[in-house]
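*Asks:* Have a look at this one.
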Amino acid sequence: MTVSTTTRSAAELTAQARDVLGVSRLTNRALTSWLHGLPGVDQVGCEGRVAGLGTRSIKTTSKAWAIDTAIAMIDLTTLEGSDTPGKVRSLCAKALVPDPLDPTTPRPAAICVYGDMVATAKAALGDSGIHVAAVATAFPSGRASMAVKLADTRDAVKAGADEIDMVIDRGAFLSGDYLTVFNQIAEVKQACGDAHLKVIMETGELVTYDNVRRASYLSMLAGGDFIKTSTGKIQPAATLPVTLIMLEAVRDWRELTGVQVGVKPAGGIRTTKDAIKYLVMVSEIAGEDWLTPEWFRFGASGLLNDLLLQRQKLATGAYSGADYVTID
Amino acid sequence: MPTFDYAPAPESRSVVTIAPTYGFFIDGAFTRPKATFATLNPADESVLAEVSQAGPKDVDKAVAAARRAFEGEWGRLSGAERGKYLFRIARILQERAREFAVLETLDNGKPIKETRDFDVPTAAAHFFYHAGWADKLEYAGLSAPGATARPHGVVAQVIPWNFPLLMLAWKIAPALATGNTVVLKPAESTPLSALLFAEVCQQADLPAGVVNIVTGDGRTGQALVEHPDVDKIAFTGSTEVGKIIARSIAGTAKKATLELGGKAANVVFDDAPIDQAVEGIVGGIFFNQGQVCCAGSRLLVQENVHDEVVAKLKRRLQTLRVGDPMDKNTDLGAINSREQLDRITTLVDAGVAEGAERWSPACTLPTKGFWYPPTLLTGVAQTHRVATEEIFGPVLSVLTFRTPQEAVAKANNTAYGLSAGVWTEKGSRILWMADQLRAGVVWANTFNRFDPTSPFGGYKESGYGREGGRHGLEAYVTTTPATPTGATR
C-alpha cells in the first residue's frame, strides 16, 4: 500500500489557502466568511439519510469483500497511559498475523500509538508495510503551547512514524479563532515532513453538524491529508452522521481543488455491522475512489476481532466464538 | 480491488400465500369468485391471481350488509368497544407486517424497503391512532356545545393503486373509529392487500358487515358511489374521476371527501442546506416511483444555485438502484401498470418536444415488466405540459425563480394545491412561505413526511376534506339529527 505524501511548508499552505479563498491576505475574517458561507447542515435530514443508508442489506460475496476491506482499513490502536513496550509488541504481532487460523486474512493498515511507542512498534513491524501512526500535539486535549506540539510531532516523526494524528485546538475553533486553528495545522503539517497528517477534529466537542462541516473544510484547507473524527477519549466519538458530513466534505473538496483527502472515523466502532454501514456510506456518498485503506481508515481496537469472527463464520458457516480470536 | 457491488438480497415471497382466485368480502365472508380478471406483478407481468369484477348486484349486497351492521350490533357498540377492534386490527397488521409488505410489493411494484419501512408501519399507525379516538370523540370538538356528532352510516370508499394498504387504512380507520360501516373498493390493479386485510377483519372478529370489500374496475366504483343507500363517499384518486363523483352526487344528501391530484412545488432557496435539500428532492419525486399525489414534481430552485443543485442531483441519481422490487437494496421499483407507463412516456415526450432537456442516469432496466428510469427535465417553462399536468412518475421538472415573491407566484400557479416544500435555513422565510403557499401540506426542510396525527388534503383541484388528525374525523360524522330507522331516505 502506498500513501501519497507531499511535504508542504506552512507558507505554501497559507498561499494556497489565499488562492482558494480568493483573498490577498489570510485573516480570521476571511476564514470566517468563507466557512460561514458553506451551506448549513439540516440535522433531521442528515440523520434521516444515515438511517436510510443503514438499511442496505450486504450479503454473501459483498459481505466477504466488505469484511476484508474493513480489516485492511483498520488503524489498530492502543492509546492508554498503561501502554508498555510489551503491549505494543503484542498488538504489532496481532497486526502481522490477524488470524493464525487463516493466513489469507488481510493485515490492518497501521498501528496507532503514542509517540514514545513509535520506535517499539517500528521495530516490531519491520518491513511488513504496516504503517506506524503516532498521536501528537498534546493528544488528546491539545492544550499545550505550539512549541510543545511541534516538538511532540517532530519527536514522533524522528522515531519513524509514517503518519501523525494531531488534534485541533477546539477552544480556538469554538471561540471563532479559525486562523489559529489553521496556522497550527499548517505548522504541524510542515513539521510532519514526509509523514502523513491526520487532523483530529474531536467532533464530540464541536457538537453541531455545521461545526463539523466547517472544521472539515478548515482542516483540508490547512493541509490535512486525512480528517479524523475523534480521539476516542471523548463521548460521543465517531458517529455515522458526523462521518457522512466529512465524506461530503472530502467529495466536494476534491471537486473544488482537485485534491483528495482521506476520512478516518475513530472510537466506538466495534462491530462488523457498524463497519459495513460505514463502508456503504463511503461508497454511496464519497464514491468508490475512497474505498481503499489509502483514503479511508477505521480507528479501532476491538473491531478487528469482530471482523475476524464474522470472516470465519462466512468461511466455515459456523460462528466460532470469542475464544477463537486472539486478545492482544 | 473490486468495487462494492451489493450482492442480491431478495426478500422471500414464501411468507405470503396468494390464492389463485378471489371473490368479494361481504358480510364477514368471502363470496365465490365470478367474472374474474387478472392482477399482475408489474415487475415481470406475471399473473399473481384472478379477482372478481363486482356488478351492481354485488355492490348492492355489500351496501346492504354494511347497512345491517350499522343498524345492528356495530351501531350499538360503545366507542371503547369499537376502539378495541381497531387496536386489535393494528396489532394484527404489525404481526403480519412482513406478509403485507411482500404482497404489496408483488402487486404494486414498489420496492420492498418502502412497503416494509413505510406503507405497512404507517397503516398500522393509522389504526392505532384512530383506536385512541374512538372513545374520546366527545372531546374532539366535532360538534357545537349541546349537539352530538354521530356517524353518517354507510361509507363508500374508493382508493387508488399507489398506496393500496395505506390508503385503505386512511379510509377504514377513521370510518370505524367514528362508528360508520364501510364498503371499500381497492384499485383494479392492486386489490390483493385489501383482500388480505379482509382476513385480518375475520381474525379480529370484527362483526360481519362492518367492513366489506368489493373488487373491480371503474364500473364497480361508479356503482358504489351512485348507490342510493350510501351516506358518505371518500375517494382518493384522479381529479378527473373526482369531478365525475362530485357531479354524480350533486343534489343528493351524500357527503364526500375527495383527495385528488397534485403538482407540488419543491422550493429551494440559495441558503438551503443543499445536501439535505438534494435528498429531499430525490425523496420527494422518486419515492414510490413518483406515483404519489403529493410528489414534489416541480423543483423550483433559486437561479443562483440552479447549476450546483442540478449537478448534485445528477450525481445523486447515479447512486439510485433501479430494479427488482423484492431486493432489499432497491430504491426504485416498477411502474404500476402499462397504462401508467404509457402516460408517463407520453408526457415526457411532450415535454421534450416543447423544449425541455431530458436526463437520466445510466441504468439497465429489466426487459419484462413496466419500467421507467429516474428522469430530470431541465429548462422547463411554466407553459410546458410537464410543468402543469400531473405525470405521476419518476420525472422531475426543474424550473427557476429569482425572488421569494416569484417563487410563491410560480408555486401557486397551478390548478392543484395538495402539497409544497420549502428549503431554507431562514426560519422567518419558512413561516412566510407557509402562509403564502396555497397547498394543504407545506413541508419545511423535509418532504413526504406522513403521520396519522397530521391532517392531509388539498386546495383547488386537489380536492376537499382532510384525512388524518382531528380534522380527518370531521368528515366521518354529522351533527344533523338522525333519520328514524325505517324512514324513507
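Chains as they are written, first to last, in UniProt numbering: chain A, 1 to 328; chain H, 1 to 489. Glycine is no exception: its CB is placed at the ideal position from the N, C-alpha and C atoms. Fair warning: this is a prediction, and the values are worked out from it, not measured in the lab.
Would a check of beta-carbon distances place K312 (chain H) closer than 7 Å to chain A?
*Replies:* Output row for K312 (chain H): interface = no.
*Asks:* Mapping the DSSP letters down to three states, classify S397 (chain H) as helix, strand or coil.
*Replies:* Three-state DSSP puts S397 (chain H) in a strand.
*Asks:* Flag this pair as yes or no: are the beta carbons of V386 (chain H) and G421 (chain H) separated by less than 7 Å?
*Replies:* The answer is no: Cβ separation not under 7 Å.
*Asks:* Determine the DSSP secondary structure at A475 (chain H), reduced to helix, strand or coil.
*Replies:* Coil at A475 (chain H), not helix or strand.
*Asks:* Between T330 (chain H) and chain A, is the shortest Cβ-Cβ distance under 7 Å, so that the two count as touching?
*Replies:* Taking Cβ atoms only, chain A never reaches closer than 7 Å to T330 (chain H), which makes this a no.
*Asks:* Can you pull the chain A neighbours of A272 (chain H), defined as C-beta to C-beta under 9 Å?
*Replies:* Those within 9 Å of A272 (chain H) in chain A are P39, G40 and D42.
*Asks:* Considering only residues of the same chain and omitting the five flanking positions on each side of residue 329 (chain A), which have a CB-CB separation below 8 Å?
*Replies:* Outside the displayed range of chain A (1 to 328) lies residue 329 (chain A), so it cannot be described from this structure.
*Asks:* For the segment 271-303 of chain H, which residues have a beta carbon sitting closer than 9 Å to at least one beta carbon of chain A?
*Replies:* Within the segment 271-303 of chain H, the qualifying residues are D271, A272, P273, I274, D275, Q276, A277, E279, G280 and G283.
*Asks:* When the distance is taken between beta carbons, is A72 (chain A) closer than 7 Å to V118 (chain A)?
*Replies:* No. Outside cutoff.
*Asks:* Hey, how far is the Cα of K122 (chain A) from the Cα of K264 (chain A)?
*Replies:* Roughly 22 Å between the two C-alpha positions.
*Asks:* Where does G290 (chain H) fall in DSSP's three states?
*Replies:* G290 (chain H): helix per DSSP, three-state reduction.
*Asks:* With a 10 Å radius around its C-beta and 16 neighbouring C-beta atoms as the bar for buried, classify T330 (chain H) as buried or exposed.
*Replies:* The residue in question, T330 (chain H), is buried, as its Cβ has 16 or more Cβ neighbours within 10 Å.
*Asks:* Along the chain, where does the alpha helix (DSSP H) that runs through L224 (chain H) open and close?
*Replies:* Unbroken alpha helix (DSSP H) run through L224 (chain H): G218 to V225.
*Asks:* So what's V3 (chain A) in DSSP terms, helix, strand or just coil?
*Replies:* For V3 (chain A), the pLDDT reaches just 39, beneath the cut-off of 50, and the residue's location in the model is therefore unreliable, leaving the point undetermined.
*Asks:* Should E99 (chain H) be flagged as near chain A, meaning a C-beta pair shorter than 7 Å?
*Replies:* No, E99 (chain H) lies away from the interface with chain A (no Cβ there is under 7 Å from its Cβ).
*Asks:* Does DSSP classify N329 (chain H) as helix, strand or coil?
*Replies:* Reduced to three states, the DSSP call for N329 (chain H) is coil.
*Asks:* Can you give me the C-alpha to C-alpha distance between A312 (chain A) and A64 (chain A), rounded to a whole angstrom?
*Replies:* The displayed chain sequence assigns Gln, not Ala, to residue 312 (chain A). If you take the alpha carbons of Q312 (chain A) and A64 (chain A), they lie about 10 Å apart.
*Asks:* What distance in whole Å lies between the Cβ atoms of D107 (chain H) and T190 (chain H), which are believed to be in contact at a cut-off of 8 Å?
*Replies:* With a Cβ gap of about 5 Å, T190 (chain H) and D107 (chain H) count as contacting.
*Asks:* Give the range of the alpha helix (DSSP H) segment to which D152 (chain A) is assigned.
*Replies:* Per DSSP, D152 (chain A) belongs to the alpha helix (DSSP H) from M146 to K158.
*Asks:* Which residues, in chain order, does the segment 64-80 of chain A contribute to contact with chain H at a C-beta distance below 8 Å?
*Replies:* Result list: W65, A66 and T69.
*Asks:* Any residues in the segment 416-431 of chain H with a beta carbon nearer than 8 Å to a beta carbon of chain A? Which ones, in chain order?
*Replies:* If the cut-off is 8 Å between Cβ atoms, the segment 416-431 of chain H has E425 near chain A.
*Asks:* Using the C-alpha atoms, what's the distance from R429 (chain H) back to D435 (chain H)?
*Replies:* Distance between the alpha carbons of D435 (chain H) and R429 (chain H): 10 Å.
*Asks:* How about I130 (chain A) and L304 (chain A): do their beta carbons lie closer than 7 Å?
*Replies:* No, the Cβ-Cβ distance between I130 (chain A) and L304 (chain A) is not below 7 Å.
*Asks:* Who pairs with S52 (chain H) in a beta bridge, going by DSSP?
*Replies:* According to DSSP, S52 (chain H) bridges with H:T36.
*Asks:* Quick check: what's the CA-CA separation for T388 (chain H) versus A277 (chain H)?
*Replies:* So the two alpha carbons sit approximately 23 Å from each other.
*Asks:* For my contact list, M281 (chain A) and L247 (chain A) are in at a C-beta cut-off of 8 Å; report their separation, rounded to the angstrom.
*Replies:* Confirmed, about 6 Å.
*Asks:* Would L332 (chain H) and F392 (chain H) qualify as a contact pair, given that the criterion is a beta-carbon distance under 7 Å?
*Replies:* Taking 7 Å as the Cβ cut-off, L332 (chain H) and F392 (chain H) do not qualify as a contacting pair.
*Asks:* So is R247 (chain H) buried or exposed if we call it buried at 16+ other beta carbons inside 10 Å?
*Replies:* Exposed, by the Cβ-count rule.
*Asks:* Helix, strand or coil: which one does DSSP assign to W443 (chain H)?
*Replies:* It is a strand residue.
*Asks:* Just to confirm the assignment, what range does the beta strand (DSSP E) spanning D132 (chain A) have?
*Replies:* It should be pointed out that residue 132 (chain A) corresponds to Val in this sequence rather than to Asp. Its beta strand (DSSP E) spans residues H131 to V135.
*Asks:* If we cut at 7 Å on Cβ distances, does A434 (chain H) have a partner in chain A?
*Replies:* With 7 Å as the cut-off, A434 (chain H) does not count as an interface residue toward chain A.
*Asks:* Residues of chain H with CB under 7 Å from K59 (chain A), in chain order?
*Replies:* Residues of chain H passing the Cβ test: A7 and A9.
*Asks:* So is R56 (chain A) in contact with chain H if we call contact Cβ pairs under 7 Å?
*Replies:* Closer than 7 Å: yes.
*Asks:* Does DSSP classify V207 (chain A) as helix, strand or coil?
*Replies:* DSSP places V207 (chain A) in coil when its eight states are reduced to three.
*Asks:* Please report the residue range of the beta strand (DSSP E) in which V155 (chain H) lies.
*Replies:* V155 (chain H) -> beta strand (DSSP E) spans V154 to V158.
*Asks:* Any C-beta of chain H within less than 7 Å: which residues of the segment 258-281 of chain A qualify?
*Replies:* Those would be L279, in chain order.
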